[in-house]
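Colleague: In the numbering used here, the protein residues as written are 14 to 345. Structure below; questions to follow.
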Ligand SMILES: C[S@@+](CC[C@H](N)C(=O)[O-])C[C@H]1O[C@@H](n2cnc3c(N)ncnc32)[C@H](O)[C@@H]1O
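As structure tokens, this is what we get:
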């Protein structure tokens with residue numbers, strides 16, 4: 014590229030005189046006698062113009078922005094992991110960095126696929142398991158359009174429970190489904206399980222039940238968005254709003270209290286029905302949890318054949334989200 018070759022001792026003077034003609038995409042380089050400024054256009058000057066290869070100026074990145082604005086200690090405290098729901102990044106800010114939260118978030122907008130940065134404002138709480146969010150940077154919204162397992166999921170990340178971290182688990186369940194199955198998703202949220210199962214299996218029908226009216230509304234929107242023909246969603250308490258029919262597979266993604274809904278599931282079961290029941294458990298309690306489920310089923314006339322206990326991520330350092338996979342056999 015064309016460069017202006019300036020003796021080192023005149024570098025500052027030449028810089029002031031010609032800076033508007035410099036190409037800012039490249040960095041100037043020096044040898045023992047001269048500095049070579051990248052030129053955007055030809056200039057009239059007493060200095061020589063010569064061809065030279067110059068390095069591209071480093072593009073600012075999230076990491077370089079953080080490095081510039083945070084101290085070494087702050088960088089060590091920073092939690093760099095985040096969840097990306099559509100173009101919304103959801104981060105956690107350690108207490109020690111609260112003063113710098115906007116700066117930390119602004120840096121994340123340098124990622125091409127992040128348009129909004131929110132921080133978790135609470136744990137998942139209440140019956141709806143929703144999570145408060147605090148806006149930090151970018152476009153001010155809590156509504157995302159997320160792609161997962163060949164579906165598009167519209168969801169408000171503050172009003173409705175949704176976890177991108179469960180995508181693999183939803184795929185795992187989809188891979189277990191046989192053609193023609195009738196499936197019940199007892200706590201369907203924004204309809205992500207029903208949508209993933211409808212898109213990725215040959216199930217006959219999928220029914221979802223959700224108590225949060227906003228979750229249900231997103232569920233209906235997601236049926237349309239993905240043009241699903243075999244999904245029906247009901248809004249209400251799974252105890253009373255679950256249709257009175259039997260299913261081949263029942264999914265119970267409510268880890269805190271799923272087992273208290275087993276009576277409803279068992280009343281919709283038939284010989285061989287598969288159940289996927291989610292729980293939070295410490296590893297040393299996995300076997301006890303399975304025994305507890307078997308005992309509840311036994312009291313209601315069913316044998317629960319535990320097929321597998323799947324770890325589906327961690328809730329806290331020693332507590333796992335697990336899925337207990339089982340099939341049911343009626344007592345004779
Ligand atoms: C952990 S979230 C899972 C949501 C969804 N299946 C998903 O994976 O994104 C549990 C959901 O159960 C719903 N829920 C809680 N109690 C319920 C009940 N008694 N009947 C129906 N839905 C309920 C909550 O509103 C919440 O959307």
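Heads up, the beta-carbon is just placed ideally off N, CA and C, and yes, glycines get one too. Because the structure is a prediction, the values reported are computed rather than measured.
Which ranges would you report for the alpha helix (DSSP H) in the segment 173-243 if only whole runs of at least 4 residues count?
Modeller: DSSP runs (the alpha helix (DSSP H)) wholly in the segment 173-243: 180-189, 205-213 and 226-238.
Colleague: Which runs of the alpha helix (DSSP H) fall wholly inside the segment 17-71 and span at least 4 residues, in chain order?
Modeller: Whole alpha helix (DSSP H) segments, 4+ residues: 24-31.
Colleague: On the three-state DSSP scale, how would you describe residue 156?
Modeller: In the structure shown, residue 156 sits in a strand (DSSP, three-state: E or B).
Colleague: Between the Cα of residue 252 and those of 126, 233, 304 and 275, spot the shortest distance and give me the residue it belongs to.
Modeller: Here the closest residue by C-alpha is 275.
Colleague: Go ahead and pull the three-state DSSP assignment for residue 105.
Modeller: The answer is coil: DSSP assigns residue 105 none of H, G, I, E or B.
Colleague: For ligand 1, any of its heavy atoms closer than 7 Å to the Cβ of residue 224?
Modeller: Yes, ligand 1 has a heavy atom inside 7 Å of this Cβ.
Colleague: Let's test the definition: count the other Cβ atoms within 10 Å of the Cβ of residue 140 and tell me whether it reaches 16, buried, or not, exposed.
Modeller: Flag for residue 140 reads exposed.
Colleague: Report the rounded CA-to-CA distance for residue 284 versus residue 224, giving the unit in angstroms.
Modeller: Taking the straight line from one Cα to the other gives about 28 Å.
Colleague: Given residue 37, which residues of its chain have a CB within under 7 Å of its CB, disregarding the five upstream and five downstream residues?
Modeller: 70, listed in sequence order.
Colleague: Does any heavy atom of ligand 1 sit closer than 7 Å to the C-beta of residue 252?
Modeller: Yes, since a heavy atom of ligand 1 falls inside the 7 Å radius drawn around the Cβ of residue 252.
Colleague: Hey, residue 124 and residue 154: beta-carbon distance below 8 Å or not?
Modeller: Going by C-beta atoms, residue 124 is not nearer than 8 Å to residue 154.
Colleague: If you reduce the DSSP assignment to three classes, tell me which class residue 318 lands in.
Modeller: Residue state, collapsed to three classes: strand.
Colleague: How about residue 266: is its Cβ closer than 7 Å to a heavy atom in ligand 1?
Modeller: Yes, ligand 1 has a heavy atom inside 7 Å of this Cβ.
Colleague: Just mark residue 286 as buried or exposed, buried being the case when its beta carbon has 16 or more other beta carbons within 10 Å.
Modeller: Residue 286 should be labelled buried.
Colleague: My assumption, with CB atoms under 8 Å, is that residue 292 sits in contact with residue 335. Please give the rounded CB distance.
Modeller: Right, the Cβ-Cβ distance comes to about 6 Å (below 8 Å), so this counts as a contact.
Colleague: If you scan the segment 76-155 from start to end, which runs of the alpha helix (DSSP H) of 4 or more residues do you find wholly inside it?
Modeller: Fully enclosed alpha helix (DSSP H) runs of 4 or longer: 85-90 and 114-121.
Colleague: What is the DSSP secondary structure of residue 304, reduced to helix, strand or coil?
Modeller: In this structure, residue 304 counts as helix in the three-state DSSP scheme.
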